[in-house]
Amino acid sequence: MSAGAPGSWGGEAVHPELTEFLQQVFNALTISGVYALIALGITIVFGLTGIVNFSIGQLLTLGAFLTFAFWDNDRVSFFLAVPLAAAAVGLLSVGLERVAFRFTLEQPINGFIVSLGLILVLQNLIIEIWETNPRAITPPFTGVWDVGGVRMPVNTWFVILVTAAIITLLILGLRYTKYGRAMRACAEDRDAAALMGIPVGTVIAATFAIGGGLAAIAGGLLASLYPIHPYIGAVYLLKGFAVALVGGLGNIEGCVAAALLIGFAETFAAGYLAGEWRDGYTFALMIIILLMRPTGLFAARGRLQQTLQ
Amino acid sequence: MQGEAGIMPKRSRFVWLVGALVLALTFAFGACEDDNGGDGDGTPEASSEPTVLPSLTPVDQEDILSAEDVLTKDGSATNEDEVKWGFMFELSGGILQGFGEPTSDGVKLAAQEINDAGGFQVGDTVYTISLVEKDTQSNVQTTIAVTNELIQDDGVNVIWGPATLGEPEATQITQPQQVLHLCPCQQRELTALSSIEKAHGESQWAFQTLLPFSLLIENGARNFIEDWPDVQTMALLCQDTSTGHDICTRTHDAYTKVGIDVLTEDYFPPGTTDYSAYLTRIRNLDPDYLWNFDDPPNDTAIVRQALELGVGRLLNANVPANLVETLVGRPLTVPVIVGASPRQGVEPTSQKAADYFERYAEFKGGADKLPFAGFVSLLTYDYVYMLIAAMQQAGTVEDTTAIAEALETIHYNGVAEDDMFFNSRHFAVHGTDPCIVEQDKPITCEHQAAPPEANY
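The structure is reproduced here in structure tokens:
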């Protein structure tokens, strides 16, 4: 059925092993992109505040459900629903920073505990609004490109490209914009940054907004790939946190590299080794990396600002 | 129904972590080990039961009770009282809530109907039902705690639930205390009700309101090969949990037994949402039928990715048939088999089922309020009436041994089946409703009777 599938580019597999390998590469890119977006939400907040925000998984779930709510059978276009959801979750994240996290900045461990509590609050909020029934969004692109037997759903390409674009914009923004420089200064020394006239509180709030927004985008994109339910955040939180740790908490490039590493490790473990041990291989790899480089692959000296210099 | 790629059907299947009941569903089509005994086989053990008991099916239709009989009062009643039943289900705490809620709804709906009818008569007393509701929070330790609370603090002698999680632990508490304990709880096949001796001895107050998976699966395989004779090969992709292994192994054996070449049996960790790596590997084997077992709705992600990757010419899912297209989210280029036990509510296969799902929708406040897996409410609903019939027959609401003995003999004309009963191992005997979902075609469903070997 491959050649005849709607939207497909017909093609015959020339070499089954090569085709399978290339298909697995494509599969790995897809899941790596999703992991990268979630891990970025964690790492960017940690880079600035030192807070490990575990509620990011629920923000992802909220983003997925808000995307669904805005979209709801083409009420608004999916392409608009995702930014709307990201904006809403970003605003909520600012609210959470203002009413909760800002009081934990001097003791980030308290912020971590606050985030654990928020998991329950947000999860029950989602259940209260949308109940436990699963939802799914019809992907904006339903075609499948078949290139030499490698089948690539157009929607998956869309997710990969959007993720790549967001990561690029984030890196460029942090490196070359006024806000990016302010954020790096705040990460270096909040008191000194304040003395230099940088509105530290605003920068921190904006960083929470970006972190939440990234999680919401990840959720929205996920909703176009898989059915969603109120408990989906926990699965991605664990993987996202593993990626952020391996990349070096606070390090954006490291985060991307680790997402690729974990994504490829998972995919190839599932594809070529004992599939049920997929997570075992991945976490064993993570343990080995952290034993060899306790601060992660790229976080050699500290937080955000060093890695972006 | 008509499939694609040369597959021409002649006619037309959840966890204790998330899927035990799902399995009942899956296994409308779906698996069994050898028939020669050993715990876990839904048929009697050869070693422990040398003589298969005669069929419990009553000779005369009039011997089959109905709700009307259960609710009839003869005017001799002079007292009013209340029976207090324990009620513990997964009402929060995770994806199992999606099954705990509807399963509990069956008990609530039946109790409401009975109370609205003025109660039921036993002896000279008319009783109404009071449910002492507990939330197991989808947690084994909480299930144990609430079981103890219900028995010790609330003093109940009947407990309904849970849907799946924590049942073996709860049963270990209820049975020594002679508490009637009814639930779908599919693990009883392997534990409390693993033999007829247990069902008539240490576990005589335990009843499973779901046909054993082993029988569901084997029966499903037999029906499958009749419906899809052109299917020669299949691949199994299952969740790496004890339930997943149990189900998949049984499915593997059952489908092999009916002549299908099972090319592979692959497992993925619980919580997986991206199955593409597994499916890519399976694609190289080119199976006719890709059969999956995962928690719904993740199983529909498998269907979606299988469609995208071009794996299989026939697929399966465990979600309600009317949600397949929505949850898969892309054109169904191959047929998808969906199962439900005992009846699904999308295309009701009997008038009683249609009427029931209307009443259930009304009970929930509208069709749009029906839970995702609403059909599992039928895994408790009829059995409330059966329990009352047993109390009436035993002439007591207190003597749980007498009630259990009566329950073993009751035949009931219910929603799920016209003749519902528990077999000698205390398993409910009922059929399943497999459906076929195809793009741009009406959903077709057919009720398949319980396998004859269930009737012992």
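Heads up: the protein sequence lines correspond to chains B and C, in order. Adding 1202 to a residue's 1-based position in the first sequence gives its number in the numbering used here. Adding 1 to a residue's 1-based position in the second sequence gives its number in the numbering used here. Every residue, glycine too, gets a C-beta built ideally from N, C-alpha and C.
Taking a C-beta distance under 9 Å as the contact criterion, N1453 (chain B) and G1382 (chain B) do not qualify as a contact pair. Distance from the CA atom of A1389 (chain B) to the CA atom of V1247 (chain B), rounded to whole angstroms, is 10 Å.
By the CB criterion at 9 Å, T397 (chain C) and A403 (chain C) fall inside the cutoff.
Taking 9 Å as the cut-off, the beta carbon of F1256 (chain B) is found closer than this to the beta carbon of S1317 (chain B).
As computed with DSSP, P1355 (chain B) is found in a beta bridge with B:V1346. By the Cβ rule, the segment 1443 to 1463 of chain B does not count as touching the segment 323 to 336 of chain C, because fewer than three pairs are nearer than 8 Å. One finds G272 and T274 in chain C with Cβ atoms closer than 7 Å to the Cβ of V1437 (chain B), taken in chain order. In the three-state reduction of the DSSP assignment, F373 (chain C) falls in the coil class, being assigned neither a helical nor a strand state. Using a CB distance cut-off of 9 Å, H1431 (chain B) counts as an interface residue toward chain C. For P1218 (chain B), the chain C residues whose Cβ falls inside 9 Å of its Cβ are N285, in order along the chain. Among the CB atoms of chain B, none fall inside 9 Å of the CB of F358 (chain C). Considering only beta carbons, the part of the segment 1222 to 1240 of chain B lying closer than 9 Å to chain C consists of E1222, Q1225, Q1226, F1228, N1229, A1230, T1232, I1233 and V1236, in chain order. The distance from the Cβ of I218 (chain C) to that of A164 (chain C) is about 19 Å, inconsistent with a contact at the 8 Å cut-off.
Here R1277 (chain B) is exposed, its C-beta having fewer than 16 other C-beta atoms within 10 Å.
In this structure, the CA atom of S378 (chain C) is about 4 Å from the CA atom of T104 (chain C). Only G1477, E1478, R1480 and D1481 from the segment 1476 to 1496 of chain B bring a Cβ to less than 7 Å from some Cβ of chain C.
Within chain B, the residues whose beta carbon sits less than 7 Å from that of G330 (chain C) are A1338, I1339, T1340 and P1341, listed in sequence order. At a Cβ-Cβ threshold of 9 Å, G1243 (chain B) and A1395 (chain B) do not count as neighbours. Contacts with chain B at 9 Å (Cβ-Cβ) do not include V84 (chain C). Neighbours of E309 (chain C) across chain B, judged by C-beta separation under 7 Å: V1346, R1353 and P1355.
For N220 (chain C), the CB contacts under 6 Å within the same chain, skipping 5 residues up- and downstream, are P452 in chain order. Between the segment 330 to 344 of chain C and the segment 1363 to 1381 of chain B there are fewer than three C-beta pairs closer than 8 Å, too few to call the two in contact. With fewer than 16 other Cβ atoms from the protein chains shown falling within 10 Å of its own Cβ, H1217 (chain B) counts as exposed. The shortest CA-to-CA distance from V1236 (chain B) to any of B:G1351, B:T1251, B:A1283 and B:L1463 is the one to B:L1463. Minimum Cα-Cα distance from D267 (chain C) among the listed residues C:G245, C:Q440 and C:V259 corresponds to C:G245.
Interface annotation, N299 (chain C): in contact with chain B, CB-CB separation under 9 Å. For the beta strand (DSSP E) assignment, the uninterrupted runs of no fewer than 3 residues enclosed by the segment 69 to 114 of chain C are, from N- to C-terminal side, 80 to 90. Judged by beta-carbon spacing, G99 (chain C) lies beyond the 9 Å limit of Q138 (chain C), meaning their Cβ atoms are not closer than that value. Closer than 9 Å to the CB of G1243 (chain B) there is not a single CB belonging to chain C. At least 9 Å separates the CB of T1269 (chain B) from every CB of chain C. Its Cα nearest to that of R284 (chain C), the residue C:T234 stands out among C:T234, C:G272 and C:T129.
Of the residues assessed, S1426 (chain B) falls on the buried side of the cut-off, its CB having 16 or more other CB atoms within 10 angstroms.
Using beta-carbon distances, P372 (chain C) counts as an interface residue toward chain B, with a partner under 9 Å. In the DSSP assignment, I437 (chain C) falls within the unbroken beta strand (DSSP E) covering C436 to V438. Straight-line measurement puts the Cα of I96 (chain C) at about 29 Å from the Cα of W206 (chain C). Checking the DSSP bridge columns, you'll see H182 (chain C) partnered with C:I160 and C:A207.
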